[in-house]
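Asks:
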Amino acid sequence: MRILLTGVAGFIGFHVAKSLLQKKHTIIGIDNLNDYYDVKLKLNRLKILKKLERFFFIKSDIQNKKLIKNKKIIQFKIDCVINLAAQAGVRHSLKDPYSYIDSNVMGQLNVLEIAKKQKIKKFIYASSSSVYGGNKKLPFSIEQRVDNPVSLYAASKKSTELLAECYSKLFKIQCIGLRFFTVYGPWGRPDMATFIFTKNILENKKIDIFNFGKMKRDFTYIDDIVSGVEGAVNYKINKKSLHNIYNLGNSNSENLLDFIGLIEKNLGIKSKRNFLPLQAGDVPETFADIENSKKDLNFFPLTKIKNGIPKFIKWYKNYYDLK
0 MRILLTGVAG FIGFHVAKSL LQKKHTIIGI DNLNDYYDVK LKLNRLKILK KLERFFFIKS
60 DIQNKKLIKN KKIIQFKIDC VINLAAQAGV RHSLKDPYSY IDSNVMGQLN VLEIAKKQKI
120 KKFIYASSSS VYGGNKKLPF SIEQRVDNPV SLYAASKKST ELLAECYSKL FKIQCIGLRF
180 FTVYGPWGRP DMATFIFTKN ILENKKIDIF NFGKMKRDFT YIDDIVSGVE GAVNYKINKK
240 SLHNIYNLGN SNSENLLDFI GLIEKNLGIK SKRNFLPLQA GDVPETFADI ENSKKDLNFF
300 PLTKIKNGIP KFIKWYKNYY DLK
């Protein structure tokens with residue numbers, strides 16, 4: 000299959016591209032390589048992908064309208080789009096709201112336009128557990144209403160779902176939205192909790208723990224997320240329902256303090272803790288209902304945090320050349 004994959008130098012995009020290339024798919028990857036976090040980390044991911052056969056790279060913002068007429072994209076006759084490019088981070092959306100609309104909303108619109116113009120019939124995109132916002136009922140089910148966002152990031156992700164719904168109806172594009180739940184693992188983003196906790200503990204710095212530690216998250220290992228995305232790639236087009244949304248989570252809500260405890264155990268170092276109130280835009284708990292993901296995408300997450308955290312720490316120490 001010939002796949003256009005945006006956000007290819009990002010955490011999830013890199014792992015998805017690597018796995019699909021190893022399965023003999025052809026990937027045209029797009030990334031703007033921005034400096035939201037360490038560009039060197041992105042370039043090192045890209046360096047690995049460029050060593051693999053059938054990988055082609057375009058450096059661009061996804062909201063660049065010239066992509067619609069890009070010769071390489073046209074020549075490859077793309078079978079499937081996977082839009083993983085996004086401005087991530089709930090807390091950062093409070094500081095820089097415009098980047099979320101530009102990348103997440105306008106970017107989604109532009110990539111949908113590419114699919115429309117090139118008559119690409121399958122469009123997979125990244126949504127987020129954040130769309131559940133202020134919902135109190137757990138686990139979060141795709142049947143629940145998601146019109147109560149508590150952050151601009153959540154609102155931007157809900158907007159991507161609405162755009163996909165519209166394009167699926169108007170232009171008969173099969174759209175699959177994947178709501179990711181707290182993804183972690185090797186090559187992870189430096190702004191995410193697993194990375195920050197590990198770095199600060201090793202550097203003998205305090206770690207910020209919000210809601211005074213009364214937080215629970217459905218931590219999902221990257222390999223399980225990749226299996227869910229691949230399940231969406233393999234999902235056969237259903238003409239009766241051209242837009243489907245799925246939760247991709249571990250379906251197990253873990254206490255944040257237990258998660259931190261596992262990091263401490265694997266590092267052999269106790270953390271210095273700075274307890275803080277719940278931040279604006281944040282929620283105290285996430286928990287994914289994945290029943291329809293199991294049924295349609297053959298999604299069965301396998302990695303518990305007790306197994307996933309050691310893998311991340313092993314990568315972290317190796318990447319940063321730490322003993």
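The sequence shown begins at 0 in numbering that gives the first Met the number 0 and counts up by one.
We put the beta carbon where it would ideally sit given N, CA and C, even for glycine.
All of these numbers come straight from a predicted model, not from anything done at the bench.
If we count the other Cβ atoms within 10 Å of its Cβ and call it buried at 16 or more, is residue 240 buried or exposed?
Replies: Position 241 of the sequence shown holds residue 240. It counts as exposed.
Asks: When you compare only the Cα positions, how much space is there between residue 191 and residue 34?
Replies: The residue given as residue 191 occupies position 192 in the sequence shown. The residue given as residue 34 occupies position 35 in the sequence shown. If you take the alpha carbons of residue 191 and residue 34, they lie about 15 Å apart.
Asks: For residue 170 versus residue 125, is the C-beta spacing smaller than 9 Å?
Replies: What you label residue 170 is simply residue 171 of the sequence shown in a count that begins at 1. What you label residue 125 is simply residue 126 of the sequence shown in a count that begins at 1. No, these two residues do not count as a Cβ contact at 9 Å.
Asks: Hey, how far is the Cα of residue 16 from the Cα of residue 245?
Replies: As a working mapping, residue 16 is identified with position 17 in the sequence shown. As a working mapping, residue 245 is identified with position 246 in the sequence shown. The straight-line gap from Cα to Cα measures roughly 20 Å.
Asks: Return the chain-ordered ranges of every beta strand (DSSP E) run that is complete within the region 205 to 230 and spans a minimum of 3 residues.
Replies: Segments of the beta strand (DSSP E) lying fully in the region 205 to 230: 205 to 208.
Asks: With 16 as the cutoff for other CB atoms within 10 Å, does residue 38 come out buried or exposed?
Replies: On the sequence shown, residue 38 is found 39 positions in, with the first residue counted as 1. Residue 38 should be labelled exposed.
Asks: In chain order, which alpha helix (DSSP H) runs of at least 4 residues are fully inside the region 47 to 108?
Replies: 70 to 75 and 96 to 99, all fully within the region 47 to 108.
Asks: Mind checking which residues open and close the alpha helix (DSSP H) that includes residue 119?
Replies: Reading the sequence shown from its first residue, position 120 is the one you call residue 119. Segment: none, residue 119 is in no alpha helix (DSSP H) and carries neither H nor E.
Asks: Could you please give the first and the last residue of the uninterrupted alpha helix (DSSP H) stretch that includes residue 311?
Replies: Walking along the sequence shown from the start, residue 311 turns up at place 312. Where residue 311 is concerned, the enclosing alpha helix (DSSP H) stretches over 304 to 318.
Asks: With DSSP run on the structure shown, which of helix, strand or coil describes residue 146?
Replies: Here residue 146 refers to the residue found at position 147 of the sequence shown. In the structure shown, residue 146 sits in coil (DSSP, three-state: anything other than H, G, I, E or B).
Asks: Given a cut-off of 9 Å on the beta-carbon distance, is the pair residue 81 and residue 141 in contact?
Replies: By one-based count along the sequence shown, residue 81 stands at place 82. By one-based count along the sequence shown, residue 141 stands at place 142. Taking 9 Å as the Cβ cut-off, residue 81 and residue 141 do not qualify as a contacting pair.
Asks: Taking residue 245 as part of the beta strand (DSSP E), name the residues at either end of that continuous run.
Replies: As a working mapping, residue 245 is identified with position 246 in the sequence shown. 242 to 247 is the span of the beta strand (DSSP E), which, as asked, contains residue 245.
Asks: My assumption, with CB atoms under 8 Å, is that residue 256 sits in contact with residue 209. Please give the rounded CB distance.
Replies: To locate residue 256, count along the sequence shown from 1; it is residue 257. To locate residue 209, count along the sequence shown from 1; it is residue 210. Residue 256 to residue 209, Cβ: 12 Å. No contact.
Asks: Among 112, 128 and 139, which has the Cα closest to the Cα of residue 67?
Replies: The count along the sequence shown starts at 1 and reaches residue 67 at position 68. Checked all of 112, 128 and 139; the closest Cα to residue 67 is 112.
Asks: Taking residue 193 as part of the beta strand (DSSP E), name the residues at either end of that continuous run.
Replies: One-based indexing of the sequence shown puts residue 193 at position 194. Residue 193 -> not in any beta strand (DSSP E); alpha helix (DSSP H) instead, spanning 192 to 201.
Asks: Counting Cβ pairs, one atom from each stretch, are 3 or more of them under 8 Å apart for the region 16 to 26 and the region 225 to 238?
Replies: Yes, the region 16 to 26 touches the region 225 to 238.
Asks: Is it true that the region 4 to 14 meets the region 39 to 55, where meeting means three or more beta-carbon pairs spaced less than 8 Å apart?
Replies: Touching, yes, given that three or more Cβ pairs across the two stretches are closer than 8 Å.
Asks: Compute every distance between the C-beta of residue 248 and the non-hydrogen atoms of the ligand ATP, then say whether any falls below 8 Å.
Replies: As presented, the structure is devoid of all ligands, the ligand ATP included, so that no description of it is given.
Asks: Please name the residue or residues paired with residue 271 in a DSSP beta bridge.
Replies: Walking along the sequence shown from the start, residue 271 turns up at place 272. Answer is 205.
Asks: Would you mind working out which of 117, 162, 52 and 102 sits nearest residue 70, comparing C-alpha positions?
Replies: Taking the first residue of the sequence shown as 1, we reach residue 70 at position 71. Selected option, being the one with the closest Cα: 117.
Asks: Measure from the alpha carbon of residue 176 to the alpha carbon of each residue in 100, 186, 183 and 296, then state which is nearest.
Replies: By one-based count along the sequence shown, residue 176 stands at place 177. Residue 176 has its Cα closest to that of 296, out of 100, 186, 183 and 296.
Asks: Judging by CA-CA distance, which residue of 133, 5, 187 and 72 is the nearest neighbour of residue 311?
Replies: Residue mapping note: residue 311 aligns to position 312 of the sequence shown, counting from 1. Looking at the Cα atoms, 187 is the closest of the given residues.
Asks: Could you give the residue range of the alpha helix (DSSP H) that holds residue 12?
Replies: Along the sequence shown, read from residue 1 onward, the residue named residue 12 stands at position 13. Start and end: 10 to 21.
Asks: Applying the 10 Å Cβ sphere with the 16-neighbour rule, what's the burial state of residue 328?
Replies: It is not possible to answer for residue 328, since the shown part of the chain is limited to 0 through 322.
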